[in-house]
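S.K.:
In the numbering used here, the protein residues as written are -10 to 129.
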(Lines of atoms letter the chains of each structure in order from A and count residues from 1; the text may use other names and numbers.)
(Lines give C-alpha, C1' and ligand atoms only; values in the text may rest on other atoms or scores of the structure.)
Protein backbone atom coordinates (compact mmCIF):
# COMPACT_ATOMS: atom_id res chain seq x y z
CA UNK A 1 0.00 0.00 0.00
CA UNK A 2 1.26 3.43 -0.92
CA UNK A 3 0.37 6.31 1.37
CA UNK A 4 -1.55 9.04 -0.39
CA UNK A 5 0.28 12.35 -0.19
CA UNK A 6 -1.61 15.14 1.54
CA UNK A 7 -3.62 17.41 -0.70
CA UNK A 8 -2.31 20.96 -1.04
CA UNK A 9 -4.32 23.21 1.31
CA UNK A 10 -6.96 25.14 -0.58
CA UNK A 11 -7.10 22.70 -3.49
CA UNK A 12 -9.94 20.24 -3.51
CA UNK A 13 -9.57 17.08 -5.57
CA UNK A 14 -11.53 16.84 -8.78
CA UNK A 15 -13.65 13.68 -8.82
CA UNK A 16 -16.22 12.11 -11.09
CA UNK A 17 -18.24 8.91 -10.91
CA UNK A 18 -18.45 7.40 -14.38
CA UNK A 19 -20.07 4.35 -15.96
CA UNK A 20 -17.50 1.86 -17.19
CA UNK A 21 -18.09 2.37 -20.88
CA UNK A 22 -15.70 3.46 -23.64
CA UNK A 23 -17.39 6.87 -23.99
CA UNK A 24 -16.54 7.67 -20.36
CA UNK A 25 -12.85 7.86 -21.23
CA UNK A 26 -13.38 11.25 -22.88
CA UNK A 27 -15.12 12.57 -19.77
CA UNK A 28 -12.20 11.41 -17.61
CA UNK A 29 -9.76 13.22 -19.93
CA UNK A 30 -11.84 16.40 -19.67
CA UNK A 31 -11.79 16.17 -15.85
CA UNK A 32 -7.99 15.91 -15.81
CA UNK A 33 -7.64 18.78 -18.25
CA UNK A 34 -10.00 20.98 -16.20
CA UNK A 35 -8.15 20.26 -12.94
CA UNK A 36 -4.70 20.90 -14.37
CA UNK A 37 -5.84 24.12 -15.99
CA UNK A 38 -7.45 25.32 -12.75
CA UNK A 39 -4.25 24.56 -10.84
CA UNK A 40 -2.05 26.35 -13.37
CA UNK A 41 -0.36 23.14 -14.52
CA UNK A 42 -1.24 22.99 -18.23
CA UNK A 43 2.20 21.57 -19.03
CA UNK A 44 1.01 18.24 -17.59
CA UNK A 45 -2.24 18.09 -19.53
CA UNK A 46 -1.11 15.88 -22.42
CA UNK A 47 0.52 13.31 -20.15
CA UNK A 48 -2.38 13.43 -17.68
CA UNK A 49 -4.98 12.84 -20.40
CA UNK A 50 -3.04 9.88 -21.80
CA UNK A 51 -2.60 8.37 -18.34
CA UNK A 52 -6.26 8.66 -17.35
CA UNK A 53 -7.24 7.29 -20.77
CA UNK A 54 -5.10 4.21 -20.29
CA UNK A 55 -6.25 3.63 -16.70
CA UNK A 56 -9.92 4.06 -17.63
CA UNK A 57 -9.57 1.82 -20.68
CA UNK A 58 -8.11 -0.92 -18.48
CA UNK A 59 -11.14 -0.72 -16.19
CA UNK A 60 -13.54 -0.81 -19.15
CA UNK A 61 -11.73 -3.65 -20.94
CA UNK A 62 -10.54 -5.85 -18.07
CA UNK A 63 -13.09 -5.61 -15.24
CA UNK A 64 -16.79 -6.09 -14.69
CA UNK A 65 -17.02 -2.83 -12.74
CA UNK A 66 -20.25 -0.95 -13.42
CA UNK A 67 -19.15 2.46 -12.12
CA UNK A 68 -15.71 3.87 -11.48
CA UNK A 69 -14.49 6.88 -9.54
CA UNK A 70 -11.88 9.01 -11.27
CA UNK A 71 -10.03 11.56 -9.17
CA UNK A 72 -7.14 13.95 -9.60
CA UNK A 73 -5.49 15.44 -6.55
CA UNK A 74 -2.79 18.02 -6.16
CA UNK A 75 -0.36 16.34 -3.78
CA UNK A 76 2.11 19.20 -3.63
CA UNK A 77 2.97 22.41 -5.42
CA UNK A 78 4.52 20.43 -8.30
CA UNK A 79 2.76 17.06 -8.08
CA UNK A 80 -0.60 15.61 -9.08
CA UNK A 81 -1.96 12.12 -8.66
CA UNK A 82 -4.58 10.59 -10.95
CA UNK A 83 -6.71 7.78 -9.44
CA UNK A 84 -9.07 5.33 -11.11
CA UNK A 85 -11.02 2.91 -8.90
CA UNK A 86 -12.50 -0.44 -9.92
CA UNK A 87 -14.09 -3.47 -8.28
CA UNK A 88 -11.52 -5.99 -9.52
CA UNK A 89 -8.98 -7.54 -7.15
CA UNK A 90 -6.63 -8.39 -10.04
CA UNK A 91 -3.46 -6.29 -9.81
CA UNK A 92 -2.49 -4.26 -12.85
CA UNK A 93 0.71 -5.41 -14.50
CA UNK A 94 2.78 -4.40 -17.48
CA UNK A 95 2.39 -7.05 -20.17
CA UNK A 96 5.29 -8.68 -21.95
CA UNK A 97 4.40 -8.22 -25.60
CA UNK A 98 5.96 -9.01 -28.91
CA UNK A 99 6.37 -6.26 -31.48
CA UNK A 100 3.30 -7.46 -33.43
CA UNK A 101 0.81 -7.09 -30.55
CA UNK A 102 -1.98 -4.62 -31.31
CA UNK A 103 -2.89 -3.83 -27.70
CA UNK A 104 -1.61 -4.24 -24.16
CA UNK A 105 0.81 -1.32 -24.01
CA UNK A 106 -1.28 0.96 -21.79
CA UNK A 107 0.50 0.42 -18.48
CA UNK A 108 3.89 0.64 -20.17
CA UNK A 109 2.80 4.06 -21.42
CA UNK A 110 1.63 5.02 -17.91
CA UNK A 111 5.01 3.87 -16.58
CA UNK A 112 6.87 5.92 -19.18
CA UNK A 113 4.85 9.12 -18.69
CA UNK A 114 4.48 9.17 -14.90
CA UNK A 115 7.15 9.69 -12.28
CA UNK A 116 5.64 6.70 -10.46
CA UNK A 117 2.48 4.61 -10.49
CA UNK A 118 0.93 1.77 -8.57
CA UNK A 119 -2.24 0.49 -7.01
CA UNK A 120 -3.79 0.23 -3.59
CA UNK A 121 -5.86 -2.80 -2.60
CA UNK A 122 -9.24 -2.03 -1.10
CA UNK A 123 -11.84 -4.38 0.41
CA UNK A 124 -14.06 -3.72 -2.62
CA UNK A 125 -11.33 -3.76 -5.33
CA UNK A 126 -8.43 -1.43 -5.99
CA UNK A 127 -7.38 2.08 -6.90
CA UNK A 128 -4.78 2.38 -9.65
CA UNK A 129 -2.90 5.68 -9.60
CA UNK A 130 -0.13 7.57 -11.34
CA UNK A 131 1.80 10.67 -10.30
CA UNK A 132 2.99 13.49 -12.49
CA UNK A 133 5.42 16.19 -11.48
CA UNK A 134 6.29 19.47 -13.05
CA UNK A 135 9.32 21.66 -12.70
CA UNK A 136 8.74 24.57 -10.30
CA UNK A 137 9.17 27.10 -13.11
CA UNK A 138 6.34 25.50 -15.14
CA UNK A 139 3.57 26.24 -12.62
CA UNK A 140 1.80 29.55 -12.85
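All C-beta atoms, glycine included, are put in the ideal place defined by N, C-alpha and C. The structure presented is a predicted model; accordingly, all values stated were derived computationally and were not measured.
Report the three-state DSSP secondary structure of residue 31 (helix, strand or coil).
M.R.: In the structure shown, residue 31 sits in a helix (DSSP, three-state: H, G or I).
S.K.: Span of the alpha helix (DSSP H) holding residue 121?
M.R.: Here residue 121 belongs to no alpha helix (DSSP H); instead the beta strand (DSSP E) covers 114 to 122.
S.K.: Under a three-way DSSP split, which group does residue 10 fall into?
M.R.: Note: residue 10 maps to coil in three-state DSSP.
S.K.: Using only the alpha-carbon positions, how far apart do residue 110 and residue 52 sit?
M.R.: Each residue's alpha carbon lies about 15 Å from the other.
S.K.: On the criterion of 16 or more Cβ atoms from any shown chain inside 10 Å, does residue 114 qualify as buried, or is it exposed?
M.R.: It is buried - the Cβ of residue 114 has at least 16 other Cβ atoms within 10 Å.
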